[in-house]
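Colleague: To convert, note that position 111 of the sequence shown is 110 in numbering that gives the first Met the number 0; the numbers rise steadily by one, no gaps.
Structure provided below as structure tokens; questions to follow.
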Amino acid sequence: MANNNIIHLPSDFNTRYPGASAGATETVMNLARTGDLLVRRIADLVQPFDLTPSSGLVLGILADSESELPPNEIAERLILSRASVTSLLDSLERRGYVRRRPHPTDRRMLLIELTDVGRQIAHEFRLVVHRHQKEWMSTLSEEEQHQLIHTLHRLQAALAESPI
């Protein structure tokens, strides 16, 4: 099993790396570790459905959408490149989970829609994943969960504005 201990940096970290912050670095490293652990757990859950976490997210986004979506909007929501989303869509289309169709007013665009099979798979795997997510997050109170969401939103906004 993976080592799930919190990462702590040496006490002389700030001296060895002038201008750095041990607290900031520890936070980033532990946040990344937690994200990786969540992705691995979700990968284990969606594997029986022959999905990856990313392909599951595509199906989930489409299932929650009130209409078809263009690939670029899916890419933006997932923070993935268009090429990555195209690859995911190719795989999902081959399995009959999504369908590409021409945009009704813009011939340059395609729209992506779930098939009935894709909608059913999305529902089935999300039942499993959401049940586990509830269990994982039960370690935090509702207030702590809301605070974490707020904190992550602030961090995401700062990262989006960062020049690098």
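Just so it is clear, CB atoms sit at the ideal spot from N, CA and C, and this is done for glycine as well.
Between the alpha carbons of Ala-121 and Asn-29, how many angstroms are there, rounded?
Modeller: By 1-based counting over the sequence shown, the position of residue 121 is 122. By 1-based counting over the sequence shown, the position of residue 29 is 30. Using only the alpha carbons, I get a separation of about 30 Å.
Colleague: Determine the direct distance from the alpha carbon of His-149 to that of Leu-139, and round the result to whole angstroms.
Modeller: Along the sequence shown, read from residue 1 onward, the residue named residue 139 stands at position 140. Along the sequence shown, read from residue 1 onward, the residue named residue 149 stands at position 150. Distance between the alpha carbons of Leu-139 and His-149 is about 14 Å.
Colleague: Are the Cβ atoms of Val-57 and Phe-124 separated by less than 7 Å?
Modeller: For the purposes of this step, residue 57 is taken as residue 58 along the sequence shown, with counting starting at 1. For the purposes of this step, residue 124 is taken as residue 125 along the sequence shown, with counting starting at 1. For Val-57 and Phe-124, no; Cβs fall outside 7 Å.
Colleague: With DSSP run on the structure shown, which of helix, strand or coil describes Pro-47?
Modeller: Within the sequence shown, the letter at position 48 stands for residue 47. The answer is helix: DSSP assigns Pro-47 an H, G or I state.
Colleague: Taking all protein chains shown into account, do 16 or more other C-beta atoms lie within 10 angstroms of the C-beta of Val-128, making it buried, or fewer, making it exposed?
Modeller: Within the sequence shown, the letter at position 129 stands for residue 128. So Val-128 ends up on the buried side.
Colleague: Alpha carbon to alpha carbon, what distance is there between Gln-155 and Leu-147?
Modeller: One-based indexing of the sequence shown puts residue 147 at position 148. One-based indexing of the sequence shown puts residue 155 at position 156. Answer to the nearest angstrom: the Cα atoms are 12 Å apart.
Colleague: In angstroms with no decimal places, state the Cα-to-Cα distance between Ala-74 and Ser-64.
Modeller: Position 75 of the sequence shown, counted from the start, is the residue given in the question as residue 74. Position 65 of the sequence shown, counted from the start, is the residue given in the question as residue 64. Taking the straight line joining both Cα atoms gives about 14 Å.
Colleague: For Val-166, count the other beta carbons within 10 Å of its own beta carbon; 16 or more makes it buried, fewer makes it exposed. Which is it?
Modeller: No information on residue 166 is available, as it lies outside the stretch 0 to 163 that the chain covers here.
Colleague: Could you tell me which of Gln-132, Ile-111, Pro-69 sits nearest to Arg-99, measuring between CA atoms?
Modeller: As a position in the sequence shown, residue 99 is number 100, starting the count at 1. Minimum Cα distance to Arg-99 is reached at Ile-111.
Colleague: Taking DSSP as the reference, what is the three-state secondary structure of Leu-8?
Modeller: Numbered from its first residue, the sequence shown carries residue 8 at position 9. Coil.
Colleague: Just how far apart, CA to CA, sit Pro-9 and Val-27?
Modeller: Along the sequence shown, one-based indexing puts residue 9 at 10. Along the sequence shown, one-based indexing puts residue 27 at 28. Using only the alpha carbons, I get a separation of about 15 Å.
Colleague: Verify whether the separation of the beta carbon atoms of Leu-91 and Val-84 is less than 7 Å.
Modeller: Indexing the sequence shown from 1 puts residue 91 at position 92. Indexing the sequence shown from 1 puts residue 84 at position 85. No.
Colleague: Would you say the beta carbon of Val-45 is closer than 6 Å to some non-hydrogen atom of the ligand COA?
Modeller: In the structure on display, the ligand COA does not appear, and there are no ligands present to speak of.
Colleague: I need the DSSP call for Leu-61, collapsed to helix, strand or coil.
Modeller: Numbered from its first residue, the sequence shown carries residue 61 at position 62. Leu-61 falls in the helix class under three-state DSSP.
Colleague: Using the C-alpha atoms, what's the distance from Arg-107 back to Pro-17?
Modeller: In the sequence shown, residue 17 corresponds to position 18, counting from 1. In the sequence shown, residue 107 corresponds to position 108, counting from 1. Going from the Cα of Pro-17 to the Cα of Arg-107 covers about 51 Å.
Colleague: Quick one: what's Leu-109 bridged to in DSSP?
Modeller: Residue mapping note: residue 109 aligns to position 110 of the sequence shown, counting from 1. Leu-109 pairs with Pro-101.
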